[in-house]
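**Q** Pasting in a structure now, in structure tokens, and then I'll have a few things to ask.
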Amino acid sequence: MSKRLEIARELLKEDGVIFISIDDNEQAQLKLLCDEIFGEQNLVSILCVELSKTQGMKVKSAQEGRIVKNHEYIYIYAKNINKVYVSRKPLLDNADIWDSHYSKVLLKKEDIFSLMSINDYIKEKHKDIYIEFESNGFLDKNQINEKSIRIGILINDKIRKFLYEEIADKIVREMACSISIPEEIKNKLKSNKIVEYKKYFLTYTGNGKLRQYRTLSENINESDEYNRVLGRVTIRGALWKGFYSDMMNIQKEGMIDFKNGKKPIRLISQLNKWCNRPNSIILDFFAGSATTGHAVMQLNKEDGGNRKYILCTNNENNICENITYQRLKNIQTELPHNLKYFKTDFVAKYSQHQDDEIIFRKIFNYIKELIELEHHIQIDDKKYIILKEEEKILEAINKIEKGGKLFIRSGILLSTEEQFNLEQKQVKVIEIPEYYFKEELKEVGELW
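This is how it looks when you write it as structure tokens:
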């Protein structure tokens with residue numbers, strides 16, 4: 001583990017981070033190891049992730065007085081703590097559906113601001129919404145108050161949409177304000193009850209203290225929780241709650257069966273979402289059930305990112321072929337991406353038969369995969385073509401699509417006319433490099 005972490009640190013970009021999932025039994029030792037490798041000062045956070053509830057077999061233990069385990073930890077370390085917080089994306093959790101401090105509606109008429117109670121505003125200016133409260137029995141003592149609003153939001157979609165979407169930028173609460181304001185604004189506040197300054201709506205209290213009004217819309221968004229709904233939200237901290245909901249469905253994710261250690265897609269996806277690096281490369285050197293690859297491609301689909309992933313695993317019990325690769329293969333219809341499974345092979349260095357083909361020709365049969373890896377393409381004999389034989393140049397030129405790439409073996413020379421025809425189709429000609437098998441060819445005397 002130590003060696004892997006040391007290599008991981010070297011691979012990280014200056015603003016890169018590493019996430020390490022661990023349970024109670026090993027988390028203390030892991031922190032000591034990570035402090036040594038990454039530096040204690042580069043600890044970003046220790047997330048506590050709620051992965052289960054006290055249910056099933058845990059209930060009996062809890063009833064007997066034991067404190068049952070419902071969580072795991074994720075340690076986050078940075079390569080350079082001074083660069084880690086640049087342009088990250090906070091995650092959002094659901095907040096209480098209503099805050100009674102939001103009790104007024106801010107109105108503007110000819111640059112003059114005024115306040116109304118929510119009850120009076122709806123009753124006077126939105127009679128259809130008032131009727132919704134009244135006809136459904138949501139009024140409390142003939143008033144729209146906190147209790148009425150809570151019931152309305154929970155039960156009535158029209159009321160919920162009205163409060164959360166249509167007038168959320170008008171509903172306000174009064175808060176403390178400690179900003180410095182210019183004399184011009186101070187003078188305005190002497191003659192106006194409420195003054196707009198930058199993003200603030202300012203007012204003075206009776207004893208001369210500066211206060212501000214903040215709108216409900218600042219706290220309305222779609223949360224990152226299991227059931228994503230538009231509503232009041234709060235920024236998530238180090239406690240990541242509610243992932244037990246994902247665990248109840250986890251065996252279906254990726255359509256593969258993996259008994260131990262399978263992580264929810266949403267968890268890995270949201271770690272990447274927080275990173276907010278849409279063009280990053282994500283490395284998972286304990287790939288297991290390939291959740292990281294699945295999560296990366298799903299997040300790319302959601303936000304239009306161009307993230308790439310590298311998964312590393314051993315093949316103990318055929319996990320690589322039967323689990324890791326199979327899962328990525330399963331999601332190709334929903335999340336198509338460049339997925340390849342490579343196996344190694346051996347080419348005999350020396351032949352018992354003198355008339356056997358030279359080593360170069362044997363090795364050339366394995367060039368396709370290396371080209372695809374280096375250029376991130378799929379050799380399809382349409383847009384991307386490998387030319388192995390000089391006699392087939394004309395066929396390749398006629399077949400290749402506009403804007404394609406033609407990979408040619410060294411030693412094949414194109415005539416002026418052939419080069420012109422390829423240029424007309426905006427085809428890029430790339431000579432297959434010797435370095436793919438340079439050392440092997442040198443060893444058998446076919447390259448100097």
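Using the UniProt record's numbering, you'd call the opening residue of the sequence shown number 1 and step up by one each time.
Using N, Cα and C, we set each Cβ at its ideal position, and we do this for glycine too.
1. May I ask whether a heavy atom of the ligand PLP can be found less than 7 Å away from the beta carbon of Asp224?
2. Express the C-alpha separation of Val105 and Ser117 in angstroms, rounding to a whole number.
3. Which same chain residues, not among the five before or five after Lys241, have their C-beta less than 6 Å away from its C-beta?
4. By Cβ distance, which residues of its chain are closer than 8 Å to Ile220, with the 5 residues on each side in sequence left out?
5. Ordered along the chain, which non-local residues of its own chain (more than five positions away) have a Cβ less than 7 Å from that of Leu30?
6. On the DSSP bridge list, what partners appear for Met175?
7. How about Ile386 and Phe407: do their beta carbons lie closer than 8 Å?
8. Please determine if the region 424 to 434 and the region 401 to 415 are in contact, where contact requires at least 3 C-beta pairs separated by less than 8 Å.
9. Write down every uninterrupted run of the alpha helix (DSSP H) in the region 87 to 111 whose length is 4 residues or greater and which is fully enclosed by it, in chain order.
10. Measuring only the C-alpha atoms, how far is Ile194 from Glu110?
11. Using DSSP's beta-bridge definition, name the partner residues of Thr203.
12. At a cut of 8 Å, does the region 296 to 308 reach the region 317 to 326 through at least three beta carbon pairs?
13. Would you call the CB atoms of Lys79 and Gly152 closer than 8 Å?
14. For a test of the three-state rule: what should DSSP assign to Tyr164, helix, strand or coil?
15. Which of helix, strand or coil does DSSP assign to Asp355?
16. Could you pull the start and end residues of the beta strand (DSSP E) that Val17 belongs to?
17. Please report how far the alpha carbon of Phe138 lies from the alpha carbon of Arg327, in whole angstroms.
18. Identify which residue in Cys177, Asp381, Lys392 has its Cα closest to the Cα of Glu401.
19. So, do the region 283 to 295 and the region 261 to 268 have three or more beta carbon pairs nearer to each other than 8 Å?
20. Could you give the distance in angstroms between the alpha-carbon of residue 451 and the alpha-carbon of Glu372?
21. Return the CA-CA distance between Glu374 and Leu422, expressed in angstroms with no decimal places.
22. Distance check for Asp224 and Glu64, CA to CA, integer angstroms please.
23. Going by the CB atoms, is the gap between Met297 and Leu239 shorter than 8 Å?
24. In the DSSP assignment, find the alpha helix (DSSP H) that holds Phe133 and state where it starts and stops.
25. Assign Ser87 to one of two classes, buried (16 or more other C-beta atoms within 10 Å of its C-beta) or exposed (fewer than that).
26. What does DSSP give as the partner residues of Ser45 in its beta bridges?
27. Which residues mark the beginning and the end of the alpha helix (DSSP H) in which Asp284 is found?
28. What number of angstroms, rounded off, separates the C-alpha of Leu91 from the C-alpha of Lys405?
29. For Thr333, does the count of other Cβ atoms within 10 angstroms reach 16, so buried, or fall short, so exposed?
30. Return helix, strand or coil for Lys259, following the three-state DSSP convention.
31. DSSP three-state call for Glu50: helix, strand or coil?
32. Identify the continuous alpha helix (DSSP H) that holds Tyr244 and give its terminal residues.
33. Reducing DSSP to helix, strand and coil, say where Lys383 ends up.
34. Since Tyr213 and Thr203 should fall inside the 8 Å C-beta cutoff, what is the C-beta to C-beta distance between them, to a whole number of angstroms?
35. Span of the beta strand (DSSP E) holding Gly231?
**A** Answer, in terms of the structure:
1. The ligand PLP is not among the ligands present in this structure, which contains no ligands whatsoever.
2. Taking the first residue of the sequence shown as position 1, residue 117 is located at position 117. Taking the first residue of the sequence shown as position 1, residue 105 is located at position 105. One Cα belongs to Ser117, the other to Val105, and the distance between them is close to 6 Å.
3. Along the sequence shown, one-based indexing puts residue 241 at 241. Counting only Cβ-Cβ distances below 6 Å, and skipping sequence neighbours, we find Glu50.
4. Residue mapping note: residue 220 aligns to position 220 of the sequence shown, counting from 1. Its chain contains Tyr164, Glu165, Ala168, Leu230, Gly231, Arg232, Val233 as the residues whose beta carbon lies nearer than 8 Å to that of Ile220, once the 5 sequence neighbours on both sides are disregarded; these appear in chain order.
5. For the purposes of this step, residue 30 is identified with residue 30 of the sequence shown, where counting begins at 1. The beta carbon of Leu30 sits closer than 7 Å to those of Ile20, Ile22, Tyr75, all from its chain and outside the five residues before and after it, given in chain order.
6. Stepping through the sequence shown from its first residue, residue 175 is reached at position 175. Residue pairing of Met175 in beta bridges, as defined by DSSP: Gln212.
7. What you label residue 386 is simply residue 386 of the sequence shown in a count that begins at 1. What you label residue 407 is simply residue 407 of the sequence shown in a count that begins at 1. Cβ atoms of Ile386 and Phe407: closer than 8 Å.
8. Flag = yes, the region 424 to 434 and the region 401 to 415 touch.
9. Segments of the alpha helix (DSSP H) lying fully in the region 87 to 111: there are none.
10. Here residue 194 is taken as the residue at index 194 of the sequence shown, counted from 1. Here residue 110 is taken as the residue at index 110 of the sequence shown, counted from 1. Pairing Ile194 with Glu110, the inter-Cα distance amounts to about 13 Å.
11. Counting from 1 along the sequence shown, the entry for residue 203 is found at position 203. In DSSP, Thr203 forms a bridge with Arg211.
12. Not touching, per the Cβ criterion.
13. Stepping through the sequence shown from its first residue, residue 79 is reached at position 79. Stepping through the sequence shown from its first residue, residue 152 is reached at position 152. Contact flag unset, no.
14. For this step, residue 164 is matched to residue 164 along the sequence shown. Helix at Tyr164.
15. Counted from its first residue, the sequence shown places residue 355 at position 355. Any reading at Asp355 must be qualified, since the residue scores a pLDDT of 48, below 50, and its modelled position is unreliable; the value itself is stated next. In this structure, Asp355 counts as coil in the three-state DSSP scheme.
16. As a working note, residue 17 is residue 17 in the sequence shown. 17 to 22 is the extent of the beta strand (DSSP E) around Val17.
17. Numbered from 1 along the sequence shown, position 138 holds the residue referred to as residue 138. Numbered from 1 along the sequence shown, position 327 holds the residue referred to as residue 327. Straight-line measurement puts the Cα of Arg327 at about 50 Å from the Cα of Phe138.
18. Here the question's residue 401 lines up with position 401 in the sequence shown. In this structure, Asp381 is the residue among Cys177, Asp381, Lys392 with its C-alpha nearest to the C-alpha of Glu401.
19. With a cut-off of 8 Å on Cβ pairs, the region 283 to 295 is in contact with the region 261 to 268, counting three or more such pairs.
20. Any answer about residue 451 is impossible in this case: the structure gives the chain only from 1 up to 448.
21. The sequence position of residue 374 within the sequence shown is 374, counting from 1. The sequence position of residue 422 within the sequence shown is 422, counting from 1. Between Glu374 and Leu422, the C-alpha separation is close to 22 Å.
22. Start at 1 with the first residue of the sequence shown, and residue 64 comes out as number 64. Start at 1 with the first residue of the sequence shown, and residue 224 comes out as number 224. Cα atoms of Glu64 and Asp224: separation of roughly 35 Å, rounded to the nearest angstrom.
23. One-based indexing of the sequence shown puts residue 239 at position 239. One-based indexing of the sequence shown puts residue 297 at position 297. No, the pair does not count as a contact, with Cβ atoms beyond the cut-off.
24. As a position in the sequence shown, residue 133 is number 133, starting the count at 1. Here the alpha helix (DSSP H) through Phe133 covers 127 to 135.
25. As a working mapping, residue 87 is identified with position 87 in the sequence shown. Counting Cβ neighbours within 10 Å, Ser87 comes out exposed, since fewer than 16 surround it.
26. Locating residue 45 in the sequence shown gives position 45, where the first residue counts as 1. Answer by DSSP bridge pairing, in chain order: Ile76.
27. Numbered from 1 along the sequence shown, position 284 holds the residue referred to as residue 284. DSSP places Asp284 outside any alpha helix (DSSP H); the residue lies instead in the beta strand (DSSP E), whose first and last residues are 281 to 284.
28. Taking the sequence shown and counting its residues from 1, one reaches residue 91 at position 91. Taking the sequence shown and counting its residues from 1, one reaches residue 405 at position 405. Spanning the two alpha carbons is a distance of roughly 42 Å.
29. Here the question's residue 333 lines up with position 333 in the sequence shown. By the 10 Å Cβ count, Thr333 comes out exposed.
30. On the sequence shown, position 259 is the one that residue 259 refers to. Correct three-state label for Lys259: coil.
31. Here residue 50 is taken as the residue at index 50 of the sequence shown, counted from 1. In this structure, Glu50 counts as strand in the three-state DSSP scheme.
32. Here residue 244 is taken as the residue at index 244 of the sequence shown, counted from 1. Where Tyr244 is concerned, the enclosing alpha helix (DSSP H) stretches over 244 to 247.
33. In the sequence shown, the residue the question calls residue 383 occupies position 383. Reduced to three states, the DSSP call for Lys383 is coil.
34. Start at 1 with the first residue of the sequence shown, and residue 213 comes out as number 213. Start at 1 with the first residue of the sequence shown, and residue 203 comes out as number 203. Right, their Cβ atoms sit about 7 Å apart.
35. Taking the sequence shown and counting its residues from 1, the one referred to as residue 231 is at position 231. Where Gly231 is concerned, the enclosing beta strand (DSSP E) starts and stops at 230 to 235.
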